[in-house]
Amino acid sequence: MIQDFLLEYCSKPFVSGFEQMTPEFLPNSFMPFCDTYENDNRGSYIFCKKGKASRSIMLEAHVDELGFMITELLPGGFLRFSPVGYYNTLFLDSQDVIIYGKQEVPGVICARPDKHWKENEIINLRTDWLYIDTGLTDEELECLVRPGDVALIRKTPQMLDEDIMCARGMDDKAGVAVMLAAAKELENLPHSSTIYYSAAVQEEGPGLGGQIATYKIHPDIAFAFDVGHGWTEDLPRDEMLTVGGGPALAIGGRFHPGMVKKFISICEELGINYQLEPTPAASGTDAESIQTNRDGVPVLLISIPLRYMHTGVETGSISDIEKIGKTVAHMISRIDQENWEGLLCY
């Protein structure tokens, strides 16, 4: 189920700031496991499974993905563009793209010919040295595209083996998939708290979506899901996460010690391997905007290990996603039967 969901999800456009380009996809996926659905005033998708107790728990992941915005139409069918969010610019040259104008327009990102490069410029490739070639005439382009339209890398999601998936936008569509896995698991587990699933907008930039959704929901505790850098051959093992190695739990002063301890105990009880991600300062995720909301929200940050982050070939493990969803669901079920004062005291 989760593999099929993520393969379809990663083929759909959710450019940061334009997350309503495919408005029915997430409701169709989450509503079989929830009671209500709404978009808040910023556009985040909020799903709710009502419980009998007065307590509420929020699961949050950002729905948006990196993309591009068209900034200028140039003679000859070319386009200037600017990234929406932080892209690894060395990856961009020679990529296929889709421009979402009056209709979908294919194009390719190109740079000026090699003979015009100055020494060392290719090491620090700047987006103002790049352009999109559409192959259209000036008249055709003006009819279909205008400044402010958005574009995405054209990448068909694929399974590299039975578990490893490669796609555009795994950051953080993998986190949304974790929430769906948890919602499905909770169908078979007792719980009395009201559960909110927040697919927040605009994390890749100002981070406004998570802040506003949390203020609206006002949860008692929260789980935040994002991605972490997975190990490859050119990186030090002790500083990276292992794809396929299970959930990566952020530890540090920002994350509630009682919730950290409980998550570890649930992993050990279920026989699920986990990784620790020391986080002494800001995490660069929505966890910060969640935990500082209103009078403060106890939060856990759990990362999905991901290779090649902020490129068009982000690569992660379906089993990691399923394991995180299972662990979180069992933790919710367990703490619902316990005294929260003991869990949340310092």
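FYI, in the numbering used here the residues of the sequence shown are 1013 to 1358. Just so it is clear, CB atoms sit at the ideal spot from N, CA and C, and this is done for glycine as well. Computed from a predicted model, the values in this text were never measured in an experiment.
- Excluding five sequence positions before and after Cys1022, the CB atoms of its chain that fall closer than 7 Å to its own CB belong to Pro1169, Ala1179, Arg1180, Gly1181, Met1182, Lys1185, given in chain order.
- The beta carbons of Leu1091 and Ile1165 sit about 15 Å from each other, so the pair does not count as a contact at 8 Å.
- In this structure, Gln1107 sits away from Pro1202, with a CB-CB distance that is not shorter than 9 Å.
- Gly1337 is positioned such that its CB atom lies closer than 9 Å to that of Val1190.
- Restricting attention to beta strand (DSSP E) runs no shorter than 3 residues, the region 1275–1335 encloses them at 1287–1290, 1311–1319, 1326–1329, ordered along the chain.
- For the 9 Å CB-CB criterion, Val1157 and Val1117 form a contact.
- In this structure, the CA atom of Met1171 is about 43 Å from the CA atom of Asn1351.
- A direct Cα-to-Cα measurement between Arg1249 and Met1271 gives close to 27 Å.
- Under DSSP, Asp1161 shares a beta bridge with no residue.
- Around the beta carbon of Tyr1208, 16 or more other beta carbons lie within 10 angstroms, which makes this residue buried.
- In the DSSP assignment, Tyr1057 forms a beta bridge with Asn1051, Ala1211.
- Ranked by how close their Cα comes to the Cα of Pro1159, the residues Ala1262, Leu1086, Arg1306 have Leu1086 in first place.
- The alpha carbon of Lys1064 has as its nearest neighbour, out of Pro1039, Glu1036, Asp1161, Ser1204, the alpha carbon of Ser1204.
- For Asp1238, the enclosing beta strand (DSSP E) stretches over residues 1233–1241.
- Rounded to the nearest whole angstrom, the C-alpha separation of Ser1345 and Ile1069 is 11 Å.
- One alpha carbon belongs to Pro1317, the other to Glu1251, and they sit about 12 Å apart.
- Annotation: the continuous alpha helix (DSSP H) that includes Cys1155 extends over 1150–1156.
- Counting C-beta atoms within 10 angstroms of its own C-beta, Asp1161 has 16 or more neighbours from the protein chains shown and is therefore classed as buried.
- Counting along the chain, the unbroken alpha helix (DSSP H) around Ser1041 starts and ends at 1037–1042.
- Taking each of Phe1235, Phe1080, His1230 in turn and checking the Cα distance to Thr1323, the smallest one comes out for Phe1080.
- For Val1096, the enclosing beta strand (DSSP E) stretches over residues 1090–1096.
- For Met1043, the number of other beta carbons within 10 angstroms of its own is below 16, and it is reported as exposed.
- Our two residues, Ile1278 and Arg1266, have alpha carbons roughly 21 Å apart in a direct line.
- When C-beta atoms of the region 1047–1064 are compared with those of the region 1236–1243, fewer than three pairs fall below 8 Å, so the two segments do not count as touching.
- The three-state reading of DSSP puts Ser1068 in strand, counting E and B together.
- Taking the Cα of Gln1115 as reference, the smallest distance to any Cα among Asn1285, Cys1155, Ala1212 is reached at Cys1155.
- Contact annotation: Leu1253 and Gly1242 have beta-carbon atoms nearer than 9 Å.
- Contact annotation: Gly1221 and His1074 have beta-carbon atoms nearer than 9 Å.
- Sequence-distant Cβ neighbours of Val1109 in its own chain, meaning closer than 8 Å and more than five residues away, are Phe1080, Pro1118, Gly1119, Val1120, Ile1121, Ile1144, Ala1163, Leu1164, Ile1165, Arg1166.
- Between the beta-carbon of Asp1076 and that of Phe1026 there is about 6 Å, and that keeps the pair under the 8 Å contact cut.
- Between Tyr1057 and Leu1038 the beta-carbon gap is near 5 Å, inside 8 Å, which marks them as a contact.
- By the criterion of a C-beta distance shorter than 8 Å, Ser1094 is surrounded in its chain by Phe1080, Met1081, Thr1083, Thr1139, once the five residues flanking it on both sides are discounted.
- Here Pro1118 is bridged, per DSSP, to Ile1110.
- The C-beta distance from Asn1040 to Ile1224 rounds to 24 Å, too long to meet the 8 Å contact threshold.
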